[in-house]
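Here is the structure we will look at, set down as structure tokens.
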Amino acid sequence: MLCAGIDIGSRTIEVVLVEKGSVVETRQGASGFDPLKETMRLLNGLKPERFMATGYGRHLLEVALDAPTVTEIKAYAKGGAFLFPEVKTILDIGGQDSKAIALNGAGRVLKFEMNDRCAAGTGKFLEIMAQTLGYDLDQFGQEALKAPDEIQISSMCTVFAESEVTSLLAKGKDRGHIAKGLHRSVVKRAVSMLKRVSVTEPLLFAGGVAQNPCMVRMIEEATGTKIRVPKAPQMVGALGAALICSSTP
Amino acid sequence: MSENYREMWKGLGLDLAAHDMLLNVLGKGYGDIYMSQKDRPGGMGYFDFVLSEVHGLRIKELLDEKAAGRKVIGSFCVFVPEEIVRAADATLVGLCTGADFATEEVEKLLPRNTCSLIKSAFGFKLGKVCPYIESADMIVGENTCDGKKKSYEVLKDLVPNLYVMDLPQMKSPEGRALLKAEYFQFKEAVEKLTGVTIDAARLKKGIEIVNSKRKAIHRLSSLRKADPAPISGLDALLANQVFFYDDPARFTDSVNKICDELEKRIEAGKGVFPKGTPRVLLSGCPMAVPNWKLPWIIETSGAVIVGEESCVGERGTRNLSDDSGNTVDELMEAIIDRHFKVDCAIFTPNPDRLGHVEETFKEYRADGVIHYGLQFCQPYITESLPVEKALESKNIPVLRIDTDYSMEDVGQLKTRVEAFIEVIK
Numbered sequence: 005m006l007c008a009g010i011d012i013g014s015r016t017i018e019v020v021l022v023e024k025g026s027v028v029e030t031r032q033g034a035s036g037f038d039p040l041k042e043t044m045r046l047l048n049g050l051k052p053e054r055f056m057a058t059g060y061g062r063h064l065l066e067v068a069l070d071a072p073t074v075t076e077i078k079a080y081a082k083g084g085a086f087l088f089p090e091v092k093t094i095l096d097i098g099g100q101d102s103k104a105i106a107l108n109g110a111g112r113v114l115k116f117e118m119n120d121r122c123a124a125g126t127g128k129f130l131e132i133m134a135q136t137l138g139y140d141l142d143q144f145g146q147e148a149l150k151a152p153d154e155i156q157i158s159s160m161c162t163v164f165a166e167s168e169v170t171s172l173l174a175k176g177k178d179r180g181h182i183a184k185g186l187h188r189s190v191v192k193r194a195v196s197m198l199k200r201v202s203v204t205e206p207l208l209f210a211g212g213v214a215q216n217p218c219m220v221r222m223i224e225e226a227t228g229t230k231i232r233v234p235k236a237p238q239m240v241g242a243l244g245a246a247l248i249c250s251s252t253p
Numbered sequence: 323m324s325e326n327y328r329e330m331w332k333g334l335g336l337d338l339a340a341h342d343m344l345l346n347v348l349g350k351g352y353g354d355i356y357m358s359q360k361d362r363p364g365g366m367g368y369f370d371f372v373l374s375e376v377h378g379l380r381i382k383e384l385l386d387e388k389a390a391g392r393k394v395i396g397s398f399c400v401f402v403p404e405e406i407v408r409a410a411d412a413t414l415v416g417l418c419t420g421a422d423f424a425t426e427e428v429e430k431l432l433p434r435n436t437c438s439l440i441k442s443a444f445g446f447k448l449g450k451v452c453p454y455i456e457s458a459d460m461i462v463g464e465n466t467c468d469g470k471k472k473s474y475e476v477l478k479d480l481v482p483n484l485y486v487m488d489l490p491q492m493k494s495p496e497g498r499a500l501l502k503a504e505y506f507q508f509k510e511a512v513e514k515l516t517g518v519t520i521d522a523a524r525l526k527k528g529i530e531i532v533n534s535k536r537k538a539i540h541r542l543s544s545l546r547k548a549d550p551a552p553i554s555g556l557d558a559l560l561a562n563q564v565f566f567y568d569d570p571a572r573f574t575d576s577v578n579k580i581c582d583e584l585e586k587r588i589e590a591g592k593g594v595f596p597k598g599t600p601r602v603l604l605s606g607c608p609m610a611v612p613n614w615k616l617p618w619i620i621e622t623s624g625a626v627i628v629g630e631e632s633c634v635g636e637r638g639t640r641n642l643s644d645d646s647g648n649t650v651d652e653l654m655e656a657i658i659d660r661h662f663k664v665d666c667a668i669f670t671p672n673p674d675r676l677g678h679v680e681e682t683f684k685e686y687r688a689d690g691v692i693h694y695g696l697q698f699c700q701p702y703i704t705e706s707l708p709v710e711k712a713l714e715s716k717n718i719p720v721l722r723i724d725t726d727y728s729m730e731d732v733g734q735l736k737t738r739v740e741a742f743i744e745v746i747k
């Protein structure tokens, strides 16, 4: 049976099609201001027999397609365990939320933590900071990684951090050093969340922010673990939803 | 609520336009959350009526009682002993603390990082929309948390009749002695207010009235142990909330009628959710009307709430006052003993509460505990971490939620609650 997993996040939407336990198609688009329309556009030409929705906008599809839903937590656990069967910990940092999930080593969620209502320490934070410093998003992590030094940033709130960065720039500080400091503050937050849950290896890092090499390196240093990053870290949720869909009777 | 109450509200000094707005929001919220539930017990019709008349008929009854010479006392806490109030033929009512109102006005008087419950009490007073506080002949504040005790210093200038009761913070002999002194002092204050001398017979009667209410709630709670659950957590919470407002005899009778109905349901194997629905125990801060946000999220996410370890719930109603004494002193001691057992997080240390959470979890055959902390409620939020740790060490799944009365985090909360239900399923 052809099953579609759809992950409607705050920044991006992913669609993964699974048939007989393997991925046959993946698609991705920006969520924009009309995520339902965007999802329909992504599904164009695809003929899945069943759907399973996850992500922030999952309830949109529950109404529009009568699709059953599953939370991002369970979807990431399922998708993560499919890619790395023995995974014990998953860190997912997306556009507006971040989560740490502890698993039993067989794909079952034992415990999880999620950031509260504020977007501090998420992809959105990094995106705005990159903009303030005049970096492209894909360049941001690489440049931060290259910086020989870092400046400590004390604000975690996006609005306050932006003023802090602006005043550092006005003092003539190097933007690479600031970039590195900003990454450090997101890492601190992510690691404290991980520690409340588990930092048992194998540890998988997923979500859009896992594409940032500076984040990966700093989390490895802070936790003393080797982190695994899937080839398409943003697809893990949609993949998990598709797999759950195909295993539901 | 009909037009004929407008004069009454005006007489109480309410802001009619603001009050209309509040009632509209309350009515809509109640419709969306309560009336959309399936298979509710027929007896809940009584509570629907009570809620629809919570600012109408019930206030008229209180004003009629006042006209007949009886007094109304308002309170914010289960430490205010209702037995003593009833013994003087007075009525104790819980004051409004369950919704945000006039927040901008409140933040001129209280720090922003004050919990929603305290802010709400002030908001209802400043916005002139609480007919209970306006009907009260005496308002009792109690020194529980720092937020409350400091805010009473501010409330004192807003109401003409605030009485502040001190409370112990440790379960020591000195702590009990303090509670005893305060309860005797409160008895005197009630006597002075009502002109009634509280003798042993009156105190016995007061205990009987309040114990009957508690027994009815105990009966309701124990029926919730059944799977499938015969009543939703939202409906049971509503009964626990109305406990603080309604005429006690009528309340007791109505809850018992619902229990009769639930017993038949259980016998027939019927419930409000299918058998095997994940069962959640709520634990933590009290939920006053109309604070139904978290229970509503839980019960629309595929779980049923089977108990509330809360002041509006088990913690508030758990024990009875022993009525076997024959003198005022003996009966007062019994009331003090009963209230000294309340395991509120203002006590340090507070090991009884953890024991009760575990006990309730087992007794109600719950699958997981959702700990509800009201943002900025230091006592309960501080306890939430050790409670979580202790429960998890016994393989009891726990989800810690810190939230307030606003609706802005509903999406986030829904994700967390749904994920927790996936874990305990």
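Residue numbers (our numbering), protein chains in the order written: chain A, 5 to 253; chain B, 323 to 747. Note that beta-carbon positions come from the ideal geometry of N, C-alpha and C, so glycine has one too.
Taking B/I658 as the centre and dropping the five residues before and after it, the same chain places the C-beta of L501, K502, Y505 closer than 6 angstroms to its C-beta, in chain order.
Counting the other Cβ atoms within 10 Å of the Cβ of B/R572 gives fewer than 16, which makes it exposed. With respect to the 9 angstroms criterion, B/R536 and B/N641 are classified as neighbours on the basis of their beta carbons. With fewer than 16 other Cβ atoms inside 10 Å of its own Cβ, A/S167 counts as exposed.
A/V113 places its beta carbon less than 9 angstroms from that of A/I77. Where A/C7 is concerned, there is no enclosing alpha helix (DSSP H), although the beta strand (DSSP E) around it starts and stops at 6 to 12.
Taking 8 angstroms as the cut-off between beta carbons, the residues of the stretch 74 to 96 of chain A near chain B are V74, T75, E76, I77, K78, in sequence order. Beta-bridge analysis with DSSP links B/I692 to B/L604, B/L721. The DSSP-derived three-state label of A/V195 is helix. Neighbours of A/M118 in chain B, taken as residues at a C-beta separation under 9 angstroms, are given in chain order as Q734, T737, R738, A741. Residue pairing of B/E464 in beta bridges, as defined by DSSP: B/M487. A Cβ-Cβ separation of about 4 angstroms places A/A79 in contact with A/T58 under the 8 angstroms criterion. Boundaries of the alpha helix (DSSP H) around B/V512: 495 to 516. In the structure shown, B/G396 adopts extended strand secondary structure according to DSSP, grouped into three states. Every alpha helix (DSSP H) stretch that sits fully inside the stretch 366 to 397 of chain B and reaches 4 residues is listed by chain position as 366 to 374, 379 to 389. A Cβ of chain A is located within less than 9 angstroms of the beta carbon of B/D731. Just so you know, the alpha carbons of A/P237 and A/R179 end up roughly 27 angstroms apart. In the three-state DSSP reduction, A/A81 falls in the helix class (H, G or I).
Apart from sequence neighbours up to five positions away, the residues of its chain that approach B/G606 with a beta-carbon distance below 6 angstroms are H693, Y694, G695, Y702, ordered along the chain. By the neighbour-count criterion, in which 16 or more other beta carbons inside 10 Å mark a residue as buried, B/R408 falls on the buried side. When the five nearest sequence neighbours on each side are left out, the beta carbons in the same chain lying within less than 6 angstroms of the beta carbon of B/V486 are those of G463, Y474, in order along the chain.
For A/D101, a Cβ of chain B is located within less than 9 angstroms of the residue's own Cβ. Comparing alpha-carbon positions, the option among A/K128, A/A151, A/N216 lying closest to A/K235 turns out to be A/N216. Between A/V220 and chain B, the shortest Cβ-Cβ separation is not below 9 angstroms. Sixteen is the threshold: since fewer than 16 other Cβ atoms of the shown chains lie within 10 Å of the Cβ of B/K586, the residue is exposed. When B/E730, B/R687, B/K388, B/K393 are compared, the shortest CA-CA separation from B/S544 is found for B/R687. For A/A104, the enclosing beta strand (DSSP E) has its first and last residue at 102 to 107. Closer than 7 angstroms at the C-beta level to chain B, one finds no residue of the stretch 128 to 144 of chain A. Sorting B/V650, B/A558, B/A590 by C-alpha distance to the C-alpha of B/I580 places B/A558 at the top. By the Cβ-count criterion, B/K684 is exposed, with fewer than 16 other Cβ atoms from all chains shown falling within 10 Å of its own Cβ.
The count of Cβ pairs closer than 8 angstroms, one atom from the stretch 351 to 362 of chain B and one from the stretch 25 to 43 of chain A, stays below three, leaving the stretches out of contact. Less than 9 angstroms separates the beta-carbon of B/I440 from that of B/K470. Taking 3 residues as the minimum length, the beta strand (DSSP E) runs contained wholly in the stretch 106 to 154 of chain A are 113 to 118, in order along the chain. The contact set of A/V113 on chain B, defined by CB atoms closer than 8 angstroms, consists of A741, E744, V745 in chain order.
B/M609: not part of any alpha helix (DSSP H); DSSP gives it neither H nor E. Taking every protein chain shown into account, the CB of B/E730 has fewer than 16 other CB atoms within 10 angstroms, so this residue is exposed.
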